[in-house]
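**Q** Next up is a structure, given as structure tokens.
Number of protein chains: 2
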Amino acid sequence: MNEALLIAATVVLLAALLALRSRRGSGGQLDSSYDESEGERRLHKWGYSDTRFEFDGPRSVRVTGSRYPLAGYSLPFFVPFAEEVLGVPITPEEMVPEVERGPLPPGRSCEAFLDACRQQLGEDHAATDDETRLTHSHGQLSVDEIYRLLYIGSLPRVADLVVFPESEDEARRLVSLAVEHGVCLVPYGGGTNVSGALSLPPAEERPIASVDMSRMNRILWLDEDNLQACVEAGITGKELERLLGERGYTTGHDPDSVELSTLGGWIATNASGMKKNRYGNIEDIVVEATLATPAGEVESRRPTPRNSTGVAPRLWLFGCEGNLGLITKAVIKIHPRPEAREYGSLVFPSLDHGIRYLKALRREGALPASIRLVNNTEFRFGQALKPAPSAGARVKTAVQRFVLARVKGFDLRNLAACTIVMEGTRRELVWQKRIIFSLAKGFGGVSGGAHNGRRGYMLTFAIAYIRDFLNQFHIMGETFETSVPWDRIHDVTGAVEEKLAEQCRSHGVRGTPYLSYRITQTYHTGVCIYFTMGFSGKGLEAPDRVYHDVEASLRQAILDHGGSLSHHHGVGKIRAAFLPEVQTEASLKILRETKRAMDPDDVFGIANGALAADR
Amino acid sequence: MNEALLIAATVVLLAALLALRSRRGSGGQLDSSYDESEGERRLHKWGYSDTRFEFDGPRSVRVTGSRYPLAGYSLPFFVPFAEEVLGVPITPEEMVPEVERGPLPPGRSCEAFLDACRQQLGEDHAATDDETRLTHSHGQLSVDEIYRLLYIGSLPRVADLVVFPESEDEARRLVSLAVEHGVCLVPYGGGTNVSGALSLPPAEERPIASVDMSRMNRILWLDEDNLQACVEAGITGKELERLLGERGYTTGHDPDSVELSTLGGWIATNASGMKKNRYGNIEDIVVEATLATPAGEVESRRPTPRNSTGVAPRLWLFGCEGNLGLITKAVIKIHPRPEAREYGSLVFPSLDHGIRYLKALRREGALPASIRLVNNTEFRFGQALKPAPSAGARVKTAVQRFVLARVKGFDLRNLAACTIVMEGTRRELVWQKRIIFSLAKGFGGVSGGAHNGRRGYMLTFAIAYIRDFLNQFHIMGETFETSVPWDRIHDVTGAVEEKLAEQCRSHGVRGTPYLSYRITQTYHTGVCIYFTMGFSGKGLEAPDRVYHDVEASLRQAILDHGGSLSHHHGVGKIRAAFLPEVQTEASLKILRETKRAMDPDDVFGIANGALAADR
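The listed protein sequences derive, respectively, from chains A and B.
According to our numbering, the first sequence is numbered sequentially starting from 11.
According to our numbering, the second sequence is numbered sequentially starting from 11.
See the structure below:
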């Protein structure tokens with residue numbers, strides 16, 4: 011009787027607390043998911059220089075600055091969690107400094123090209139200083155690029171100069187000049203690529219000019235009647251949303267990298283956004299786009315809604331990975347900012363319950379803009395990033411746990427959680443919520459409140475900084491993703507877990523490897539699984555090499571169990587060797603001949619995917 | 011006072027009648043939109059030989075057979091309507107017979123190829139008789155192909171033989187044999203193409219073998235876990251739906267030609283289905299597809315939900331129009347048959363009211379599977395296909411008209427109407443209906459009842475037969491379509507109307523040209539407009555030539571006013587000359603070089619679109 015009373019009381023208390031929470035952070039205000047303020051980009055590392063994880067006590071960390079909701083709070087649980095899952099100490103004493111870098115060797119001579127650029131484009135349209143060259147010689151591939159640069163000290167090839175076109179006309183002239191002077195051009199957008207697509211080919215004998223597109227960042231026209239806009243390709247997601255927001259519009263494209271990555275980069279990588287259920291992936295968002303190639307302009311002259319006019323040239327742009335030309339602009343769909351946005355969250359007894367729920371939800375006609383499901387490890391990772399709780403919050407957490415474990419019978423080491431973002435008209439959201447939450451009950455799901463949904467969604471933007479924090483302890487980490495049919499989800503995740511453990515054992519890795527994952531997107535025939543992996547490289551003879559081998563073996567395990575080569579990160583360099591498992595020999599040959607037709611001199615010699623050097 | 015009473019009484023009566031009607035034909039039973047029974051295809055003309063329009067009295071027609079809901083009824087309004095809009099007499103006395111056709115000239119010699127086919131594929135896998143050759147030498151392009159064949163008497167080039175592969179392996183062997191023997195192959199699906207894509211190039215010196223894919227019509231596997239199926243490309247829509255229906259599934263792909271057209275044809279043309287709002291167009295439905303080219307197989311080896319693995323080879327298949335190889339199979343999305351289907355209709359005071367409604371509806375999150383808007387002429391065309399009414403129906407029609415005209419203030423010569431098909435869960439349909447009908451009020455829309463919605467949707471399948479009826483009076487008719495941004499709809503339709511009148515005047519066409527149109531699809535940035543046009547060719551010296559010139563001038567008017575070259579019919583031969591207005595020179599050159607990479611000997615020499623002979 012006593013227990014029943016206690017349960018009743020706690021349920022009432024919990025309901026009151028959740029109701030209170032739901033009112034905050036919900037209510038449909040259309041705050042942005044990230045700080046819209048400008049900021050200086052951090053050299054080489056992820057993101058903005060005002061933001062980093064740092065110790066604020068021997069066992070606790072904080073995020074500097076004020077850019078993200080996480081910033082400013084002391085986070086006492088993160089270091090203990092990381093130590094627990096990685097099995098290695100994370101203390102200020104364990105930190106190792108970055109290597110000292112001397113000046114770069116001088117770039118390959120390309121005086122004539124440089125002069126022509128400065129003359130035809132403008133004096134400040136080219137740079138040859140070390141810092142600019144080096145930052146344009148890598149993306150954000152965690153180990154092969156960032157860890158190697160910071161802790162091993164070198165990149166195999168560095169750009170010889172960087173050029174900055176400011177208009178489509180300048181971009182076209184650059185291409186002509188490169189043809190004329192025998193220079194290799196590498197398109198550079200936000201520098202956030204994580205597939206090695208920005209790693210410069212070591213064997214490239216010609217001068218390499220990185221083409222920084224960041225000054226091509228204007229909205230050329232905005233067509234409110236037809237809900238489309240023509241935008242230069244160098245614009246970042248953040249700037250695009252800011253400019254559109256001023257006019258009352260949004261693209262709805264929200265990749266994890268949205269603050270930094272660019273429209274051109276999204277197209278070249280075939281990007282996916284978190285809210286694709288409502289707004290589509292990049293191939294759905296882009297109506298037309300323009301590619302400046304040495305053979306001329308590839309585009310369709312009229313942006314019309316949908317066509318049957320033969321094989322569409324625009325299709326060459328999606329996934330071109332810098333191989334074919336400069337993406338200069340695109341006509342994209344724009345949406346009036348939705349009347350309402352609400353967050354939600356659900357907790358399920360297990361990942362499998364959540365997966366079955368996600369599949370069932372697709373048949374109900376009420377898909378929210380975003381719904382993501384984290385596995386138990388990733389759930390605990392998210393919990394570990396909570397600030398030190400107040401006394402009230404401690405009570406609340408204890409009550410929540412009690413209810414989940416004792417009342418609902420959840421195993422806290424087995425549960426999984428969904429974060430949900432709904433956007434639309436107010437009445438649409440009423441309908442969506444009714445379906446989403448009533449359906450969840452049939453799969454053992456209970457609401458975790460709007461606040462946790464919002465927090466989970468926002469966390470995405472801040473956690474990328476953790477890699478750079480952990481690198482300081484020689485912990486190498488990376489995310490990787492795949493798309494898999496529904497019935498292969500457990501196979502693929504199981505195979506990756508097993509293979510990672512086996513590989514780390516056989517390579518003599520210290521501690522235990524970390525692996526968590528979430529389902530970030532659902533489709534009719536399956537899902538995208540997004541993995542986060544990390545392990546200590548300390549004591550390994552060639553940690554970057556080991557990491558690369560481990561990652562390749564995980565990719566093979568994914569392919570062997572029915573996953574794809576990539577859902578949205580791309581092929582780049584690190585997955586090029588797997589392409590023949592995915593595409594036929596004829597397809598690859600035809601892709602290479604199409605490239606030759608566009609770029610007979612291989613001006614765009616970045617050699618990604620089907621154009622990789624070993625092909 | 012008297013009038014107010016009368017109005018009140020008629021409204022009550024009308025409501026009762028509409029309610030009665032709504033119960034019939036609604037209620038969510040999942041009847042197919044067409045008769046699923048097999049039937050013999052009519053030679054050359056559209057559809058099945060059991061169905062045709064014929065006179066059943068001096069001024070009335072009926073549809074033979076029992077295949078379509080329209081069949082068996084006497085239709086007394088159609089001939090008067092046609093005479094009114096075309097301004098020419100349509101009487102049994104005006105009918106002209108088809109030309110007599112003698113035997114075909116013998117085909118080009120290809121004995122060695124024929125022998126090899128019979129030996130390697132089977133004796134009955136090839137045919138050289140006249141009837142088979144001739145039926146495989148055209149599509150359903152109304153004037154250039156059908157009218158010319160039936161009333162002028164010749165086609166510029168006829169296939170020399172027809173081959174019938176029965177498996178992917180046989181298809182591959184056919185391609186090898188064609189390379190070896192210097193034979194030109196032309197893929198042939200349902201023969202429903204209306205862009206001249208099946209017209210054989212007159213200058214082709216090699217023997218032409220039409221590759222009839224109809225025996226490759228099996229579902230190779232059906233994956234219920236992941237809601238996808240692998241299907242041979244020669245299957246017709248009707249057969250595909252029948253086989254999937256037996257297992258409880260549907261593709262939801264419902265082009266007007268669904269009974270006859272094939273999976274391979276849909277891909278090659280980049281087809282669109284009436285229910286694309288729910289199920290997508292063909293590029294959304296197909297997960298992977300296989301193209302057998304002389305350079306080898308183009309396909310991705312793993313059907314996974316969505317990828318970022320470089321430029322996707324599958325994209326070459328959409329819109330390839332027979333130029334690149336044989337499409338042998340595809341993995342497609344399948345959907346459990348929806349829990350419910352309901353029809354609806356709306357009447358608007360004008361087309362513009364309807365257009366603004368369609369645009370607004372897209373923002374409400376409750377798009378029905380299909381919603382189509384007919385202009386006033388097309389509305390009256392639909393009315394003209396109603397059977398002779400019973401006394402009760404006459405009263406009802408009079409009441410409806412009275413209410414529309416006197417109570418609602420509609421101008422019967424200006425109104426426009428929507429037909430609606432909703433599919434989904436029962437509660438989804440409740441939600442959709444609430445949004446759809448409540449939103450319509452704000453645009454002056456009133457419900458026309460479920461019965462009229464169903465009838466309007468079904469009519470699509472029967473009206474194609476009208477062309478062949480009217481041809482007998484030398485009335486040449488055709489449909490053509492375009493996609494246009496929202497703000498260009500009136501410009502485009504106005505320009506087409508004006509240009510048609512002007513052209514017919516200047517060519518000395520008798521009577522008046524007929525033009526009606528409907529909006530068949532809506533997209534974020536615009537719509538598809540589907541035109542129906544016809545005029546009398548009687549007395550013209552070269553009616554087919556005049557028709558072609560008129561159509562080309564309408565296409566130019568469409569392009570000049572912001573429409574696309576085609577929404578779903580394709581480029582084929584008749585629109586190839588316009589391609590340089592739509593694609594850049596570089597794009598067309600690269601397309602041709604891609605073709606060369608796949609098919610260096612031009613085995614697939616059908617020369618459509620960018621590969622047209624004059625390029």
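We put the beta carbon where it would ideally sit given N, CA and C, even for glycine.
1. May I have the straight-line CA-CA distance separating residue 305 (chain A) from residue 324 (chain A), to the nearest angstrom?
2. Can a CB atom of chain A be found closer than 8 Å to the CB of residue 503 (chain B)?
3. Provide the residue span of the beta strand (DSSP E) that contains residue 432 (chain B), from first to last.
4. Which residues in the same chain as residue 353 (chain A) place their Cβ atom closer than 7 Å to its Cβ, once the five residues preceding and following it in sequence are excluded?
5. Measuring only from the beta carbon, is residue 88 (chain B) closer than 7 Å to any heavy atom that is part of the ligand MG?
6. Which residues in chain A sit within 7 Å of residue 577 (chain B), going by Cβ to Cβ distance?
7. Beta-carbon within less than 6 Å of residue 470 (chain B)'s beta-carbon, same chain only, minus the 5 sequence neighbours each way: which residues are those?
8. Which residues in chain A have a C-beta closer than 8 Å to the C-beta of residue 291 (chain B)? List them in chain order.
9. Does any residue of chain B bring its CB to less than 8 Å from the CB of residue 610 (chain A)?
10. Within 8 Å of any Cβ in chain A, is that where the Cβ of residue 211 (chain B) sits?
11. So, is residue 163 (chain A) buried or exposed, given that buried needs 16 or more other C-beta atoms within 10 angstroms?
12. Going by beta-carbon coordinates alone, are residue 573 (chain B) and residue 331 (chain B) separated by less than 8 Å?
13. Apart from the five residues just before and just after residue 491 (chain A), which ones in its own chain have a Cβ nearer than 8 Å to its Cβ?
14. Quick check: the Cα distance between residue 169 (chain A) and residue 616 (chain A), rounded to an integer number of angstroms?
15. Would you mind telling me which residues of chain A sit closer than 7 Å to residue 592 (chain B), beta carbon to beta carbon, in chain order?
16. For a test of the three-state rule: what should DSSP assign to residue 488 (chain B), helix, strand or coil?
17. Do we get a CB-CB distance below 8 Å when we pair residue 352 (chain A) with the residues of chain B?
18. When you compare the CB positions of residue 196 (chain A) and residue 184 (chain A), do they come within less than 8 Å of one another, or not?
19. For residue 65 (chain A), write down the residues that DSSP places opposite it in a beta bridge.
20. Quick one: is residue 285 (chain A) near chain B, going by C-beta distance under 8 Å?
21. Starting from the Cα of residue 425 (chain B), find the closest Cα among B:456, B:441, B:400 and give me that residue.
22. What does residue 51 (chain A) pair with, by DSSP beta-bridge criteria?
23. Considering only C-alpha positions, which residue in the set A:56, A:282, A:149, A:96 is nearest to residue 520 (chain A)?
24. Considering only residues of the same chain and omitting the five flanking positions on each side of residue 108 (chain B), which have a CB-CB separation below 7 Å?
25. Would you kindly work out how many angstroms separate the C-alpha atoms of residue 569 (chain A) and residue 498 (chain A), rounded to a whole number?
26. Just confirm the distance between the C-beta atoms of residue 476 (chain B) and residue 428 (chain B), as a whole number of angstroms; I'd bet it's less than 8 Å.
27. Which one or two residues does DSSP pair with residue 9 (chain B) in a beta bridge?
28. Assuming residue 486 (chain B) contacts residue 157 (chain B) (C-beta within less than 8 Å), just tell me the rounded distance between them.
29. Residue 599 (chain B) touches chain A at which residues, Cβ-Cβ below 8 Å?
30. Residues bridged to residue 339 (chain B) by DSSP?
31. For the putative contact between residue 9 (chain A) and residue 53 (chain A), defined by C-beta atoms under 8 Å, what is the C-beta separation to the nearest angstrom?
32. On a CA-only basis, which of A:259, A:602, A:390 is nearest residue 347 (chain A)? Give me that one, please.
33. Residue range of the beta strand (DSSP E) that residue 531 (chain A) falls in?
34. Closest Cβ-Cβ distance between residue 443 (chain B) and chain A: below 8 Å?
35. Strictly below 7 Å CB to CB, what residues from chain B border residue 194 (chain A)?
36. Could you tell me which residues DSSP pairs with residue 353 (chain B) in its beta bridges?
**A** According to the data block:
1. Translated into the one-based positions of the first sequence, residue 305 (chain A) becomes position 295. Translated into the one-based positions of the first sequence, residue 324 (chain A) becomes position 314. Going by the C-alpha atoms only, they are around 15 Å apart.
2. Taking the first residue of the second sequence as 1, we reach residue 503 (chain B) at position 493. So, not an interface residue.
3. Here the question's residue 432 (chain B) lines up with position 422 in the second sequence. Residue 432 (chain B) -> beta strand (DSSP E) spans 426-434.
4. For this step, residue 353 (chain A) is matched to residue 343 along the first sequence. Same-chain partners within the cutoff: 35, 36, 430, 431, 460, 463, 464, 467.
5. As presented, the structure is devoid of all ligands, the ligand MG included, so that no description of it is given.
6. Within the second sequence, residue 577 (chain B) is the residue found at index 567, counting from 1. Near residue 577 (chain B) (Cβ distances below 7 Å), the residues of chain A are 316, 317, 318.
7. Counted from its first residue, the second sequence places residue 470 (chain B) at position 460. Hits under 6 Å: 266.
8. Taking the second sequence and counting its residues from 1, one reaches residue 291 (chain B) at position 281. Residues of chain A whose Cβ lies closer than 8 Å to the Cβ of residue 291 (chain B) are, in chain order, 316.
9. Stepping through the first sequence from its first residue, residue 610 (chain A) is reached at position 600. For residue 610 (chain A), the answer is no, since every Cβ of chain B falls outside 8 Å of its Cβ.
10. Translated into the one-based positions of the second sequence, residue 211 (chain B) becomes position 201. It does not: the Cβ of residue 211 (chain B) has no partner Cβ on chain A nearer than 8 Å.
11. Working through the first sequence from its first residue, we reach residue 163 (chain A) at position 153. Classification of residue 163 (chain A): exposed, given that the 10 Å Cβ count is below 16.
12. Working through the second sequence from its first residue, we reach residue 573 (chain B) at position 563. Working through the second sequence from its first residue, we reach residue 331 (chain B) at position 321. Going by C-beta atoms, residue 573 (chain B) is not nearer than 8 Å to residue 331 (chain B).
13. In the first sequence, residue 491 (chain A) corresponds to position 481, counting from 1. Contacts found: 530, 538, 539, 540, 541, 576, 577, 578, 579.
14. Within the first sequence, the letter at position 159 stands for residue 169 (chain A). Within the first sequence, the letter at position 606 stands for residue 616 (chain A). Whole-angstrom Cα-Cα distance: 11 Å.
15. Within the second sequence, residue 592 (chain B) is the residue found at index 582, counting from 1. Near residue 592 (chain B) (Cβ distances below 7 Å), the residues of chain A are 310, 311, 312, 319.
16. As a working mapping, residue 488 (chain B) is identified with position 478 in the second sequence. Reduced to three states, the DSSP call for residue 488 (chain B) is strand.
17. Start at 1 with the first residue of the first sequence, and residue 352 (chain A) comes out as number 342. Not closer than 8 Å to any Cβ of chain B, the Cβ of residue 352 (chain A) fails to qualify, so no.
18. As a position in the first sequence, residue 196 (chain A) is number 186, starting the count at 1. As a position in the first sequence, residue 184 (chain A) is number 174, starting the count at 1. Cβ atoms of residue 196 (chain A) and residue 184 (chain A): not closer than 8 Å.
19. Locating residue 65 (chain A) in the first sequence gives position 55, counting from the first residue. Per DSSP, the beta-bridge partners of residue 65 (chain A) are A:71.
20. Translated into the one-based positions of the first sequence, residue 285 (chain A) becomes position 275. Judged by the 8 Å Cβ criterion, residue 285 (chain A) is not in contact with chain B.
21. As a working mapping, residue 425 (chain B) is identified with position 415 in the second sequence. That would be B:456, whose Cα lies nearest to the Cα of residue 425 (chain B).
22. Looking up residue 51 (chain A) in the first sequence gives position 41. Its beta-bridge partners are A:58.
23. In the first sequence, residue 520 (chain A) corresponds to position 510, counting from 1. Out of A:56, A:282, A:149, A:96, A:96 has the C-alpha closest to the C-alpha of residue 520 (chain A).
24. On the second sequence, position 98 is the one that residue 108 (chain B) refers to. Cβ neighbours of residue 108 (chain B) beyond the five flanking positions: 160, 161.
25. Residue 569 (chain A) sits at position 559 when you count from the first residue of the first sequence. Residue 498 (chain A) sits at position 488 when you count from the first residue of the first sequence. One C-alpha to the other measures close to 11 Å.
26. If you number the second sequence from 1, residue 476 (chain B) lands on position 466. If you number the second sequence from 1, residue 428 (chain B) lands on position 418. So it is not a contact: roughly 22 Å between Cβ atoms.
27. Outside the shown range of chain B, which is 11 to 625, sits residue 9 (chain B), and nothing can be said about it.
28. Within the second sequence, the letter at position 476 stands for residue 486 (chain B). Within the second sequence, the letter at position 147 stands for residue 157 (chain B). Contact between residue 486 (chain B) and residue 157 (chain B) is confirmed by a C-beta separation of about 6 Å, below the 8 Å threshold.
29. In the second sequence, the residue the question calls residue 599 (chain B) occupies position 589. Here the neighbours are 305, 306, 607.
30. The count along the second sequence starts at 1 and reaches residue 339 (chain B) at position 329. According to DSSP, residue 339 (chain B) bridges with B:242, B:300.
31. Chain A is shown from 11 up to 625; residue 9 (chain A) falls before or after that span and cannot be answered.
32. For this step, residue 347 (chain A) is matched to residue 337 along the first sequence. Comparing Cα-Cα distances from residue 347 (chain A) to each of A:259, A:602, A:390, the minimum goes to A:259.
33. The sequence position of residue 531 (chain A) within the first sequence is 521, counting from 1. Taken as a continuous stretch (DSSP letters only), the beta strand (DSSP E) holding residue 531 (chain A) covers 524-532.
34. On the second sequence, residue 443 (chain B) is found 433 positions in, with the first residue counted as 1. So, not an interface residue.
35. Stepping through the first sequence from its first residue, residue 194 (chain A) is reached at position 184. The contacting residues do not exist; residue 194 (chain A) stays about 19 Å from chain B at best.
36. Counted from its first residue, the second sequence places residue 353 (chain B) at position 343. According to DSSP, residue 353 (chain B) shares a beta bridge with B:431.
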